[in-house]
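In mature numbering (1 follows the signal peptide of the UniProt record, and there is no 0), the protein residues as written are -29 to -1, 1 to 504. Don't be surprised by glycine CBs; every beta carbon is placed ideally from N, CA and C. Just so you know, these numbers come straight off a predicted model, no measurement behind them.
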Amino acid sequence: MSRTVFHRLIVSTLGGVAAAALAAGAALADPPARVGRISSLEGQVTVLAEGEANAALLNWPITSDNHIATGRGARAEFRVGAAALRLDGDSDLEISRLDDDSLRLYLHYGSVSVRIRDNALARDFELSTPQARVTLVEPGWLRVDAGRSADTSVVSVFAGLAQVDGAGNTVSLCGGHRVEVGNEELHTGTAKRGAFDHWAEARDRREQAGTASRYLSSEVTGYEELDQYGSWQDSSDYGPLWTPRVVAVDWAPYRDGRWIWLAPWGWTWVDNAPWGYAPSHYGRWVMLNRRWCWAPGRVVGRPVWAPALVGWVGGDQLTVTFGGSVGRRHAPGTGWFPLSPRDTYVPPYRVSLDHERRLSWRHDGRGGEWRDGHRPGEPRRDHRDGVTVPPRDRFDGHRVAPVGKGPKVVMAPPLMLNAPLVGAPAAPARVLDTRHLERRDDGREPGRGERADHGERNTTPGRSERMVLPLRTQAPPPQQQAPQVQQQAPQVQQQAPQQAPAAAGRDAGRPGNESPGRKEGRDKRREEGRDAR
């Protein structure tokens, strides 16, 4: 074989290996490490996710391609780490993209207040309207109004530095200035605050008084709620610990809320407590001195969001007697328990090894052994605290599985030691297809009205623009693995009422670059609304 032929063979082989590696990487594309949350609700607020409109709930996760719509007189706030985005009444905000590298928004109409404190997130931020595109040069606070006047968007900057593209021009705005952007011209002026801005500012002051940022990265979404509802201490074994002040006698993590199906993660916990978001999606839980404590660990770099850090038990061998208002019945159960710092979380969705490693709990201050002599990672299955078991059919065919109400069994740890560990429940048999929309007129007041000919929005009660989708069957996600758990040995006693323990491609969003699908879909919905009238 000649040297030239041999060289070509080597190059061809290496190219094939590289292509295979790239294909494998694409197959294991990680889900975003950032997911937002609904953090405040006043009045009628609707979230359109995966083609289905739902009344928004506190702590509802917000991801790419979601819409948040507010009715007349309503307000809403959603947060991503230290960023707060607030909607005034009669507004429709689309989260075009939310991932590790971008926070791109599209304000179809209405008013949104944006407060971003982090330099990295400021660089990732972009908000577009039908007339303008807004980016941040440095962190700050601004308000954007779209469609309050016909064919006009207004950007008011109260702090920081923003750049506005529109009407063929680019304008830089510092605090105290605003710009009105029409289809063909723009005008600058002085920024003026109103009632909506004062409400947003009051929400900001609540966060500034907290101390959670001493223990957590500001990128842990939901951190701002913890100071109001609990207290902190330090532990030599677990590092920072946070304890909720007031909970029910039989409370345990992941017991008061609901499971929802959220692609691509699968079953995702939505907690009912105002403080429940961060402790449900980051860190681990541990019981110390008859109290539940949340151990966030010490994270270097950006924290990674998880749908729920629990272990699952169940199977055909787990049959439980459930009691309710209509009598008692024997049925298979599916249960879960909060993972402790000893437990290894194995995601039931596709991730890379690096992403899975970043989901592991770490506390660099801990020594090489636990106080009971076991080393980190050693299997321990002699304790399972906080197990909750509802009927297995609670998950069958439903995208939402409520837990706070309805029959369920709270199992004592000794009774669950032999319960088989299983993977997360399978995907619902009926999953919505987001490719085709059908209009539903359910008689409720919409969060969005159609614009009348004179430029004002029609908000007549009784009209509904909520969209639902035809159903299709979807197979369960791959790699439904049973969690590999190595249980810790905390003190196990009957839980008392909880008290605080003693201290121990950016052009895509430019004006005029609205995707044809988005424009055609919006025009079609408007035309259907006119026909219905």
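Contact under 8 Å by Cβ, valine 83 with valine 105 = Mapped onto the sequence shown, residue 83 falls at position 112. Mapped onto the sequence shown, residue 105 falls at position 134. Contact: no.
task = Could you check what DSSP says for aspartate 61 in three-state terms: helix, strand or coil?
result = Your numbering for residue 61 matches position 90 in the sequence shown. Coil.
task = Identify the continuous alpha helix (DSSP H) that holds proline 399 and give its terminal residues.
result = For this step, residue 399 is matched to residue 428 along the sequence shown. No alpha helix (DSSP H) contains proline 399, which DSSP labels as neither H nor E.
task = Might you give, ordered along the chain, the residues of its own chain that have their beta carbon closer than 7 Å to the beta carbon of isoleucine 231, omitting 5 neighbours on each side?
result = Against the sequence shown, residue 231 aligns to sequence position 260. In its chain, beyond the 5 residues on either side, Thr239, Val241, Arg370, Val371 have a beta carbon closer than 7 Å to the beta carbon of isoleucine 231.
key: Pick from Glu190, Val281, Glu151 that is closest to glycine 357, judged by C-alpha positions   = Taking the first residue of the sequence shown as 1, we reach residue 357 at position 386. It is Val281 whose Cα lies nearest to the Cα of glycine 357.
key: Neighbour-count burial assignment, proline 278, 16 or more Cβ in a 10 Å radius   = Here residue 278 corresponds to residue number 307 of the sequence shown, with the count starting at 1. When all chains shown are included, proline 278 counts as buried.
query = If you pair each beta-carbon of the region 90 to 102 with each one of the region 19 to 33, do three or more pairs fall below 8 Å?
reply = The region 90 to 102 vs the region 19 to 33: no contact.
query = Is the Cβ-Cβ distance between serine 143 and leucine 157 less than 8 Å?
reply = Taking the sequence shown and counting its residues from 1, one reaches residue 143 at position 172. Taking the sequence shown and counting its residues from 1, one reaches residue 157 at position 186. No. Outside cutoff.
message = Taking only three categories from DSSP, how would you classify tryptophan 283?
response = In the sequence shown, counting from the first residue as 1, residue 283 sits at position 312. If DSSP states are grouped into helix, strand and coil, tryptophan 283 belongs with the strands.
task = Spell out the partners DSSP gives proline 309 in its beta bridges.
result = Your numbering for residue 309 matches position 338 in the sequence shown. Note: proline 309 sits in a beta bridge opposite Val281.
query = Should asparagine 140 go down as buried or exposed, given a rule of 16 or more other Cβ atoms within 10 Å for buried?
reply = Walking along the sequence shown from the start, residue 140 turns up at place 169. Its Cβ having fewer than 16 others within 10 Å, asparagine 140 is exposed.
request  = Go ahead and pull the three-state DSSP assignment for leucine 78.
outcome  = The sequence position of residue 78 within the sequence shown is 107, counting from 1. Residue state, collapsed to three classes: strand.
task = Please name the residue, chosen from Ser120, Leu19, Thr214, Gly52, that lies closest to threonine 192 on a Cα-to-Cα basis.
result = Translated into positions along the sequence shown, residue 192 becomes position 221. When each option's Cα is compared against that of threonine 192, the closest is Gly52.
ask   = DSSP state of arginine 164, grouped into three classes?
value = If you number the sequence shown from 1, residue 164 lands on position 193. Arginine 164 carries a coil assignment under DSSP once its states are collapsed to helix, strand and coil.
key: Beta bridge counterpart(s) of leucine 132 as assigned by DSSP   = On the sequence shown, residue 132 is found 161 positions in, with the first residue counted as 1. DSSP, once it has assigned bridges, lists Glu109, Cys145 as partnering leucine 132.
request  = Could you check which residue in Ala400, Pro361, Ser73 has the C-alpha nearest to that of glycine 237?
outcome  = The sequence position of residue 237 within the sequence shown is 266, counting from 1. In this structure, Ala400 is the residue among Ala400, Pro361, Ser73 with its C-alpha nearest to the C-alpha of glycine 237.
task = Using a threshold of 8 Å, state whether the C-beta atoms of leucine 58 and isoleucine 39 are closer than that.
result = As a first step, residue 58 is located in the sequence shown; it is residue number 87 there, counting from the start. As a first step, residue 39 is located in the sequence shown; it is residue number 68 there, counting from the start. Yes. Within cutoff.
message = Mapping the DSSP letters down to three states, classify arginine 68 as helix, strand or coil.
response = The residue you call residue 68 lines up with position 97 of the sequence shown. Residue state, collapsed to three classes: strand.
query = Three-state secondary structure (DSSP) at leucine 212?
reply = Taking the sequence shown and counting its residues from 1, the one referred to as residue 212 is at position 241. Here leucine 212 carries a strand assignment [DSSP, helix/strand/coil].
inquiry  = Please classify glycine 137 as buried or exposed, where buried requires at least 16 other C-beta atoms within 10 Å of its C-beta.
reply    = Within the sequence shown, residue 137 is the residue found at index 166, counting from 1. Counting the other CB atoms within 10 Å of its CB gives glycine 137 a total of 16 or more, which places it among the buried residues.
request  = Decide yes or no for the touch test of the region 218 to 234 against the region 195 to 209: beta carbon pairs closer than 8 Å, at least 3 of them.
outcome  = Per the Cβ contact rule, the region 218 to 234 is not in contact with the region 195 to 209 (fewer than 3 Cβ pairs under 8 Å).
ask   = Three or more beta-carbon pairs under 8 Å between the region 152 to 167 and the region 115 to 131, yes or no?
value = With contact defined as three or more Cβ pairs closer than 8 Å, the region 152 to 167 and the region 115 to 131 are in contact.
query = Just how far apart, CA to CA, sit proline 350 and proline 2?
reply = The residue labelled residue 350 in the question sits at position 379 within the sequence shown. The residue labelled residue 2 in the question sits at position 31 within the sequence shown. Any reading at proline 350 is ruled out, since the residue's pLDDT is 38, under 50, leaving its predicted position unreliable.
request  = Determine the contact status of proline 373 and arginine 229, defining contact as a CB-CB distance below 8 Å.
outcome  = Residue numbering aside, residue 373 sits at position 402 when the sequence shown is read from its first letter. Residue numbering aside, residue 229 sits at position 258 when the sequence shown is read from its first letter. Cβ distance < 8 Å, so proline 373 and arginine 229 count as in contact.
query = For the candidate residues Leu259, Pro235, Arg261, Trp276, whose alpha-carbon lies nearest to that of proline 250?
reply = In the sequence shown, the residue the question calls residue 250 occupies position 279. Checking every option, the nearest Cα to that of proline 250 belongs to Trp276.
query = If you count every other CB in all the chains shown that lies within 10 Å of the CB of glycine 476, and 16 or more means buried, which is it?
reply = Position 505 of the sequence shown, counted from the first residue, corresponds to residue 476. Only weak support is given to the placement of glycine 476: the predicted model assigns it a pLDDT of 39, under 50, and the question is left unresolved by the model.
query = Under a three-way DSSP split, which group does tryptophan 230 fall into?
reply = Taking the first residue of the sequence shown as 1, we reach residue 230 at position 259. Looking at tryptophan 230 - three-state DSSP - the assignment turns out to be strand.
request  = Using beta-carbon positions only, say whether leucine 78 and threonine 100 come within less than 8 Å of one another.
outcome  = In the sequence shown, residue 78 corresponds to position 107, counting from 1. In the sequence shown, residue 100 corresponds to position 129, counting from 1. Yes, they are a contact pair.
ask   = What residues match up with serine 202 in a beta bridge as DSSP calls it?
value = The residue given as residue 202 occupies position 231 in the sequence shown. Bridge pairing for serine 202: Thr214 [DSSP].
message = Quick check: the Cα distance between arginine 342 and proline 312, rounded to an integer number of angstroms?
response = If you number the sequence shown from 1, residue 342 lands on position 371. If you number the sequence shown from 1, residue 312 lands on position 341. With a pLDDT of 48 at arginine 342, under the threshold of 50, the modelled position of that residue is not reliable, and the figure given next carries that caveat. Between the alpha carbons of arginine 342 and proline 312 lies a distance of about 14 Å.
Nearest candidate by alpha-carbon position, reference alanine 395, set Cys145, Thr305, Met258, Asp71 = Locating residue 395 in the sequence shown gives position 424, counting from the first residue. If we check each option's Cα against that of alanine 395, Thr305 comes out closest.
key: DSSP state of leucine 157 mapped onto helix, strand, coil   = Here residue 157 corresponds to residue number 186 of the sequence shown, with the count starting at 1. Note: leucine 157 maps to strand in three-state DSSP.
request  = With DSSP collapsed to three states, give me the class of proline 454.
outcome  = Within the sequence shown, residue 454 is the residue found at index 483, counting from 1. Annotation note: pLDDT 39 at proline 454 (below 50); position unreliable, no value reported.
key: Three-state class that DSSP yields for alanine 223 in the structure shown   = For the purposes of this step, residue 223 is taken as the residue at position 252 of the sequence shown. Here alanine 223 sits in coil by DSSP.
query = If we ignore side chains and look at the alpha-carbon of each, how far apart do phenylalanine 366 and asparagine 37 end up?
reply = Numbered from 1 along the sequence shown, position 395 holds the residue referred to as residue 366. Numbered from 1 along the sequence shown, position 66 holds the residue referred to as residue 37. Straight-line Cα distance between these residues: approximately 23 Å.
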